[in-house]
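Take a look at the structure below.
Numbering (the numbering used here), first residue to last: 1 to 187.
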């Protein structure tokens with residue numbers, strides 16, 4: 001769905017962009033790029049860390065030497081703290097669980113149940129909402145990484161971290177920052 005929307009927007013804006021649908025662990029393009037961007041926690045959804053490592057290797061393969069990689073993720077420290085602060089949060093067997101309700105700008109109310117395993121740092125979410133009298137929803141889980149873990153993974157894929165920011169305004173990264181935005185250069 002999103003690729004077709006992007007294709008329509010490309011035509012409207014007369015953009016010179018090519019969209020490819022592929023497994024991010026194993027894709028081959030016939031060119032190299034000066035930069036790659038992985039935004040809005042689109043990294044860490046595989047069940048195993050070695051699959052996330054494959055993603056980083058593929059990105060490095062398609063960057064020129066000195067190419068820039070921007071990786072934007074939820075800050076694992078703040079995410080854990082935020083879930084623990086939910087009014088109904090409880091801790092059982094190394095997992096913090098809590099729920100929240102948000103209302104979107106279109107008045108749609110979304111219920112979210114969070115579960116964060118503190119031993120694995122796997123964050124699972126179940127989101128549900130009512131739409132046209134039907135209950136809809138989805139489940140997802142994402143691996144939350146720390147800077148030292150990502151540093152090891154990036155170095156293994158021939159990257160060097162050059163900066164880390166805590167939000168899109170280039171603020172300092174800290175445990176309370178909403179994001180963990182890593183800027184890395186391919187060696």
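For each residue, glycine too, the CB sits at the ideal point set by N, CA and C.
query: Within 10 Å of its beta-carbon, does residue 52 have 16 or more other beta-carbons around it, so buried, or fewer, so exposed?; result: buried
query: Does DSSP put residue 147 in a helix, in a strand, or in coil?; result: helix
query: Select from 179, 95 and 162 the residue whose C-alpha is nearest the C-alpha of residue 114.; result: 95
query: Should residue 5 go down as buried or exposed, given a rule of 16 or more other Cβ atoms within 10 Å for buried?; result: exposed
query: State the Cα-Cα distance for the pair residue 112 and residue 44, rounded to the nearest angstrom.; result: 19 Å
query: Is it a yes or a no for the region 23 to 37 touching the region 66 to 78, going by three-plus beta-carbon pairs under 8 Å?; result: yes
query: In this structure, does DSSP put residue 25 in helix, strand or coil?; result: coil
query: Roughly how far, in whole angstroms, is the beta-carbon of residue 75 from the beta-carbon of residue 179, given that I think they are within contact range, below 8 Å?; result: 6 Å
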